[in-house]
Amino acid sequence: MSTLNTSLVEEVARQAVCSRATGAEIGRLPQCVSGTMTWLSILYKFENLSSFDILLGEGVEYLNGDKATVHNTGSKICSAVSSIYNMRIGSHFAEFEIIDANSGMPFIGIVRPMPGLNSRVFFEEDHYFIGNSNAYPDFLEQRSDEWGVGGVHACEYFCGTGGMSWTSWVEDEDEEEQTLLAWQGREACLPGDTIGMHLNLDEGTLTVYKNNRRLGVMKDGLSGSYFWYVSVWGGAAISIKRGEPPRA
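This note's numbering puts the first residue of the sequence shown at 1, with every later residue one more than the last.
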């Protein structure tokens, strides 16, 4: 490709990103640096912000090849992480549609960025971020400065009951009390429901919506960086997409 054509492609890609991305999304995308990062590669990352690029555990697969949709094909609990979508500051919203539940409803949540998450260390038969105490030391070894000083390293909503769980990945006597807690907006879901997650890192809150109806603030005191993730089991299938919080 000639230099002129390359420049034209780059300009088209730049305009596409700048016209479609929100301010928060622009802040999450890499910067264009000559020789290392092109606008075309940035456009690709933008178009895949809402996708699961890391699959963990035995039996989690993309549904019909769609990287925005995963399903469980076995009896083990597995996880899928959207590591392209690094939420560091500001307001972030994503919608998760429960496509199928079969015998197991999914978990939806946020988890700390971990550079080695896609290494073979984490490719166990079962994989989940809360309650899997054997993996906690491995998770904590991945700690980086972008985690900040906050103690909530993973927080999730269980679609089966609406219960909330969170963990600091430290084994102690309080761990059980952090699992499937009742909270003010707790409400169960059914296949076909859409769960909205609004992470506001300016306020340190994670707010949950069900079918565009606000359930409430599920967790506060959040700080540092997070990724979206889901955990699926029992044949569950779920999708992710970008969105904006419903207006009050």
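Just so it is clear, CB atoms sit at the ideal spot from N, CA and C, and this is done for glycine as well.
Contact check for Gly196 and Leu181: beta-carbon distance about 20 Å, past the 8 Å limit, so the pair fails to qualify. In summary, Ser239 is buried, with 16 or more beta-carbon neighbours lying within 10 Å of its beta-carbon over all protein chains present. For the 8 Å CB-CB criterion, Ile110 and Thr167 do not form a contact. With a threshold of 16 other beta carbon atoms within 10 Å, Leu117 meets it and is buried. Distance between Ser19 and Asp220, taken at the CA atoms: about 33 Å. In this structure, the alpha-carbon of Ser165 lies about 13 Å from that of Val208. DSSP lists Tyr157, Leu181 as the bridge partner or partners of Met164. Take the alpha-carbon of Met114 and the one of Leu55: they are about 14 Å apart. DSSP, read as helix, strand or coil, puts Glu58 in coil. Secondary structure of Arg88 (DSSP, three-state): coil.
Residue pairing for Val12: DSSP places it in no beta bridge.
Distance from the Cα of Pro137 is smallest, within the candidate group Tyr128, Cys159, Ile108, Glu171, for Glu171. Per DSSP, reduced to three states, the secondary structure at Asp53 is coil, with no helix or strand assignment.
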